[in-house]
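The next block holds one structure in the form of structure tokens; read it before the comments.
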Amino acid sequence: MPFSMSKSSLPVFEIGLNALSGVLDKAAAFVAAKKVDPAVLLGWRLAPDMFALARQVQVACDQAKNGAARLASAEPPKFEDNETTLDQLKERIAKTVAYLKTLDTKAIDASADREITFPLGPKTGHMQGGDYLNHFVLPNFYFHLTAAYTIARHCGVEVGKRDFLGNIPVQRT
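Under my numbering, the first residue of the sequence shown carries the number 3, and numbering increases by one thereafter.
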């Protein structure tokens, strides 16, 4: 089976977001066991100019849904960015994964050489679909996924590499 744009993106997003949901489950158990205010964890950041944990989760979801939608020539749903609890962030992740499953894989596969236009701060960016996926969407997705994981771990949530990798399809012999 040939490798394609949809196979390079949709499973990556689904596995990564489901792994992030698992990290949030461990974060919920951590704050309950340590009697920590969950708002403290959600507002934690690694540096003053970085996004807090809640925003990292929101942006990871946005990179997946918006990037995949642009590749599929679809209009992504708009999320309000108003999550204030771990459960609400998990709901956002679940909505994102559900949306990704609705996208037309053939349209994504046909996007490699199509110009993609996307917001880039106050400006507009333009890239070929393959470059957009490989050099913009995936790196940004992994950056925010990693930042969320790192914030949780820094705060004491017991997560490791397997939690970050999630349920990857590995055949064991």
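Glycine included, every Cβ here is placed at the ideal spot set by N, Cα and C. Quantities reported herein were computed from a predicted structural model and do not represent experimental measurements.
Enclosing beta strand (DSSP E) for residue i [first to last residue]
i      : result
PHE138 : Where PHE138 is concerned, there is no enclosing beta strand (DSSP E), given that its DSSP letter is neither H nor E.
LYS125 : 125-130
ILE95  : Taken as a continuous stretch (DSSP letters only), ILE95 belongs to no beta strand (DSSP E), being part of the alpha helix (DSSP H) at 88-102.
THR119 : 117-122
Span of the alpha helix (DSSP H), counted from its first residue to its last, around residue i
i      : result
GLY18  : 7-36
THR107 : 107-111
GLN60  : 55-73
ASP165 : 163-167
PRO40  : 40-44
Beta-carbon proximity of residue i to residue j, cut-off 7 Å
i      : j      : result
ALA150 : GLY131 : no
SER75  : ALA100 : no
GLN90  : VAL139 : no
ASP106 : MET7   : no
TYR144 : ILE118 : no
ALA184 : LEU102 : In this structure the chain extends from 3 to 175, so residue 184 is not present and cannot be described.
ARG47  : ALA54  : yes
Neighbour flag for residue i against chain B, beta carbons, 7 Å
i      : result
HIS137 : Absent from the structure is chain B; it holds one protein chain and no more.
Residue from the options whose Cα sits closest to the Cα of residue i
i      : options                          : result
PHE15  : LEU48, ARG47 and ASN68           : ASN68
GLY45  : GLU82, ALA62 and LEU88           : LEU88
LEU73  : ARG164, HIS128 and VAL172        : HIS128
THR148 : SER10, ALA41 and GLN58           : GLN58
ALA188 : GLY168, GLU160, GLU85 and LEU167 : Outside the displayed range of the chain (3 to 175) lies residue 188, so it cannot be described from this structure.
GLU176 : MET52, GLN60 and ARG174          : Any property of residue 176 remains undetermined from this structure, which presents the chain solely from 3 to 175.
LYS97  : CYS63, ASN136 and GLU77          : CYS63
SER10  : THR175, ASP165 and PRO141        : PRO141
ALA21  : GLY162, PHE5 and PHE120          : GLY162
GLY158 : HIS146, LEU12, LEU43 and ARG164  : LEU43
ALA56  : ILE170, ASP165, GLU93 and ARG116 : GLU93
GLY18  : LEU167, THR126 and PRO50         : LEU167
GLU77  : VAL38, PHE120 and PRO50          : PHE120
> Three or more C-beta pairs closer than 8 Å, one from the segment 141-155 and one from the segment 18-38: is that the case here?
Replying inline: yes
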